[in-house]
Amino acid sequence: MNRRKFLLTALGGTAALALGVSLYQPQLDVEDDGDKPHRILFSLLMPVLLEGALPEMAVPREAAVNRTLDAIEATISVLPTSQRDELEQLLDLLENRLGLLLLTGNMTPLLLRSPAELASQLESWRQSGLALLNQAYLGLRELVLASFYSCPEHWTLLNYAKPELPGIKS
Amino acid sequence: MAIVDPIYEGLASGWKHLDGALYQGSDKPQSLEADVVIIGTGAGGGVAAEILTQAGLSVIMVEKGPLRSSRDFDMEERTAYPNLYQQAAAMKTADKAIGIFQGRAVGGSTTVNWTTSIRTPADTLAYWQSEFAVKGLSADELEPWFEQMESRLNISQWAFEPNRNNGMLRRGCEQLGWDYTVIKRNVLGCWNTGYCGMGCPVNAKQSMLVTTIPAALSAGATLLSRFEATQIEHHADKVFGIWVQARDQNLAPRPEKLMLKARHYILAGGAIHTPVLMMRSGLTDPMQLLGKRTFLHPTVLSGAVFDEAINGHSGAPQSIYSDQFVWRDGAAGELGYKLEVPPIHPVLIASKTLGFGKSHAELMANFNQLQVVIALVRDGFHPESQGGSVSLDGKGFKLDYPLTAPFWRAARAAFASMAELQFAAGARRVLPISEGVGYLNSWQEAKAAIADMSLAPLKTVVASAHVMGGCPMGEDTTKAMVDSFGQSHYLENLSVMDGSVFPTSLGANPQLSIYGMVAKNATALAGRLAPQSKPPETAPETDPVADGVPETAA
Chain Y
1348 MNRRKFLLTA LGGTAALALG VSLYQPQLDV EDDGDKPHRI LFSLLMPVLL EGALPEMAVP
1408 REAAVNRTLD AIEATISVLP TSQRDELEQL LDLLENRLGL LLLTGNMTPL LLRSPAELAS
1468 QLESWRQSGL ALLNQAYLGL RELVLASFYS CPEHWTLLNY AKPELPGIKS
Chain C
196 MAIVDPIYEG LASGWKHLDG ALYQGSDKPQ SLEADVVIIG TGAGGGVAAE ILTQAGLSVI
256 MVEKGPLRSS RDFDMEERTA YPNLYQQAAA MKTADKAIGI FQGRAVGGST TVNWTTSIRT
316 PADTLAYWQS EFAVKGLSAD ELEPWFEQME SRLNISQWAF EPNRNNGMLR RGCEQLGWDY
376 TVIKRNVLGC WNTGYCGMGC PVNAKQSMLV TTIPAALSAG ATLLSRFEAT QIEHHADKVF
436 GIWVQARDQN LAPRPEKLML KARHYILAGG AIHTPVLMMR SGLTDPMQLL GKRTFLHPTV
496 LSGAVFDEAI NGHSGAPQSI YSDQFVWRDG AAGELGYKLE VPPIHPVLIA SKTLGFGKSH
556 AELMANFNQL QVVIALVRDG FHPESQGGSV SLDGKGFKLD YPLTAPFWRA ARAAFASMAE
616 LQFAAGARRV LPISEGVGYL NSWQEAKAAI ADMSLAPLKT VVASAHVMGG CPMGEDTTKA
676 MVDSFGQSHY LENLSVMDGS VFPTSLGANP QLSIYGMVAK NATALAGRLA PQSKPPETAP
736 ETDPVADGVP ETAA
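Residue numbers (this note's numbering), protein chains in the order written: chain Y, 1348 to 1517; chain C, 196 to 749.
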């Protein structure tokens, strides 16, 4: 991921906002592989949602994050259109300042928030009395956790493996 | 040892199968004809197809999902959910408060269910008779049909030791003196691995996929997979055709359409899709019954951590249930609940639990010590339990299911019963799967906490694997769309043979109820249609088989 390039974009946006000029690009996925949307957003949420499950060591951690990002993409790709549209709408809102203001009461891009701030944001959606925010929390939670635990690579954490049956494809 | 794959072998032997993803309109027939067209290949469609074919009638079966078979079943949720379930197993009610598991592949939900086979409870049948003028479906009248289907599908009591997840349910019941039953399962030569929900990899489960559907195909029936019924063409009191639309590898609609024509039409798409098709087609519904009173057995969950290993992923997923609380207050009294356990697999447990980060990781780290009980709430009997409603929303449908006060009373009682049972079985900690309670360390603590806990949509995890209702049966046309044989009250050549005809939920897992009632109704229909029928070989004039070899998983 080209984090520096993204940071510049985000900071540029902040500066522009201060000047009252909108240079902000709602499409935040300015990483190297431009046709894999929302990877930055998920790579920010993942350490929060998966704290304690992701490996601590840098190399395996990066592998687990990338594996899960691929799994999230696969999960989204099999959702029916209406659900995918709803999810895309939520993700777009989270990558967009006005959307962030609406959902979090704050325009600071998620990239500039600490994991603790992101965790408390998720927690406030979880506890909220508003169905829309509960749904946003549950949607992100289910997508990320289900995608992570769908990968056999992550099952050692559970001390689980599917059985090996003679004559059955593994 | 190689596993015999009856689907693969059948296709190789020349079954008539047309795959919508491969269908080319220009060089294929634009319409197909048979004596009977059946929409849906689950518990209802599968049984009807076999019985009608055996009576010498030509049959076309239509399934929106793909044709998958044991060689595709790899015991992984990431493969099974998108391939075999409606909406990749992520189907939810409109407010997203209830997640619904429903099958969508040849064999329908029978391809992915947990094999629990229970005859329709006598209380349910009696209630239908008195409240909905349902005729001919008493326990006595149904008995021979249940016996026939139990024999056909090798349904018998699980003779082996329950896995420890079920074992704890039994132990809790024994400790407390509660009722429990060893479950009957539709399996033959079961390997006891625990992956029924992902498609049986060894073809032990006697689902429609390996029993009635192969029998119908071998007797000359035609199967259309990845074709969706989109419109019933009808005039006055007759249906004169059903349009089906091809779907691609990802089940997205393709432009190709086919008209299916028959003497009689059977809808068996399940309790959401049958009413949806009828509503979309503008069928007569003067009392506005279609899509109303949709029941889910809305289900709450209770986790427990044991010191010993439970390994709830391993072994027959359901082998014990308790009916201690199902009928306690009478059919129309407080909503009762049936206690069962679910299989414990990584994605299912990760998603149907609470929270994130460290607390969730700790829960998952206890994966093999985790025991889970579920309480399936019997909806549709109490006056304030009217179920949900399915409606068209432009592109598709939505299912609204308001969780009413009587449901929450039942949920609270169920959380208490489950915690009491789990502690009695020796649980170290119990975790009601609802926000704000957390781990409870004793039955005393649990009793107080559960009495006081707040329960609400999106805060309490509610799931369903049983969709029923929406096209009720009975002899009173102000309350029923079809008669007690599933025959439409309005269209003389249309029947409904699936769980959508149930006037309430069942209070039991539905597959055997559908098998038995459809066996009875399809046999009666065959008696009406068969005398004039031609041999099945003459069914479609053009052989629609597009592919000599089976499709493979994407």
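Backbone N, C-alpha and C define an ideal beta-carbon position, used for all residues, glycine too.
Source: prediction; values computed, not measured.
- Taking C-alpha positions only, residue 1389 of chain Y is separated from residue 501 of chain C by approximately 34 angstroms.
- The shortest CA-to-CA distance from residue 383 of chain C to any of C:372, C:397, C:375 is the one to C:397.
- Across the set C:310, C:292, C:426, C:255, the C-alpha of C:426 shows the shortest separation from the C-alpha of residue 468 of chain C.
- Taking the Cα of residue 293 of chain C as reference, the smallest distance to any Cα among C:441, C:594, C:667 is reached at C:594.
- Boundaries around residue 1428 of chain Y are those of the alpha helix (DSSP H), 1428-1441, since no beta strand (DSSP E) includes it.
- Contact check for residue 424 of chain C and residue 662 of chain C: beta-carbon distance about 17 angstroms, past the 8 angstroms limit, so the pair fails to qualify.
- Residue 1464 of chain Y carries a helical assignment under DSSP once its states are collapsed to helix, strand and coil.
- In the three-state reduction of the DSSP assignment, residue 1471 of chain Y falls in the helix class, which pools H, G and I.
- Scanning chain C for C-beta atoms nearer than 9 angstroms to the C-beta of residue 1472 of chain Y yields nothing, as the closest lies near 10 angstroms away.
- Across the set C:238, C:390, C:311, C:582, the C-alpha of C:238 shows the shortest separation from the C-alpha of residue 256 of chain C.
- Here the alpha carbons of residue 1404 of chain Y and residue 1414 of chain Y stand approximately 15 angstroms from one another.
- In this structure, the CA atom of residue 246 of chain C is about 6 angstroms from the CA atom of residue 718 of chain C.
- Non-local beta-carbon contacts of residue 685 of chain C in its own chain, meaning distances under 6 angstroms to residues more than five positions away in sequence, involve 479 in chain order.
- Judged by pairs of C-beta atoms under 8 angstroms, the segment 265-281 of chain C touches the segment 290-307 of chain C, as three or more such pairs exist.
- Using a Cβ-Cβ cut-off of 9 angstroms, residue 1413 of chain Y is close to nothing in chain C; its nearest Cβ partner there is about 16 angstroms away.
- Rounded to the nearest whole angstrom, the CA to CA distance from residue 399 of chain C to residue 386 of chain C is 7 angstroms.
- Chain Y places no beta carbon closer than 8 angstroms to that of residue 309 of chain C, leaving this residue out of the contacts.
- In this structure the segment 640-649 of chain C lies against the segment 608-627 of chain C, because at least three pairs of beta carbons, one per stretch, are closer than 8 angstroms.
- Here DSSP, grouped into helix, strand and coil, assigns residue 610 of chain C to helix.
- Listed in chain order, the positions of the segment 1394-1418 of chain Y with a beta carbon within less than 8 angstroms of a beta carbon of chain C are 1395, 1396, 1397, 1398, 1399, 1400, 1418.
- In the three-state reduction of the DSSP assignment, residue 407 of chain C falls in the helix class, which pools H, G and I.
- For residue 552 of chain C, the residues of chain Y that pass the 7 angstroms Cβ criterion are 1395, 1396, 1398, 1399, 1466, in the order they occur in the chain.
- Shown here is that no member of the segment 320-338 of chain C has a Cβ falling below 9 angstroms from a Cβ of chain Y.
- Residue pairing for residue 245 of chain C: DSSP places it in no beta bridge.
- Inter-residue distance for residue 407 of chain C and residue 310 of chain C is about 16 angstroms (C-alpha atoms, whole angstroms).
- Leaving aside the five residues that flank residue 681 of chain C on each side, the residues in its chain whose CB is nearer than 7 angstroms to its CB run, in chain order, 668, 690, 691, 692, 696, 716.
- Taken through DSSP and simplified to helix, strand or coil, residue 353 of chain C comes out as coil.
- Taking all protein chains in view, the Cβ of residue 1506 of chain Y is surrounded by fewer than 16 other Cβ atoms within 10 Å, so the residue is classified as exposed.
- By alpha-carbon distance to residue 225 of chain C, the top candidate from C:355, C:273, C:377, C:456 is C:456.
- Residues of chain Y with a Cβ closer than 9 angstroms to the Cβ of residue 291 of chain C are, in chain order, 1478, 1481, 1482, 1485, 1486.
- In the same chain as residue 688 of chain C, and ignoring 5 residues on each side of it, the C-beta atoms closer than 7 angstroms to its own belong to 433, 434, 458, 459, 460, in chain order.
- The CB of residue 557 of chain C comes closer than 9 angstroms to the CB of 1399 in chain Y, given here in chain order.
- Residue state for residue 202 of chain C is assigned as helix, using DSSP reduced to three classes.
- Boundaries of the beta strand (DSSP E) around residue 593 of chain C: 592-595.
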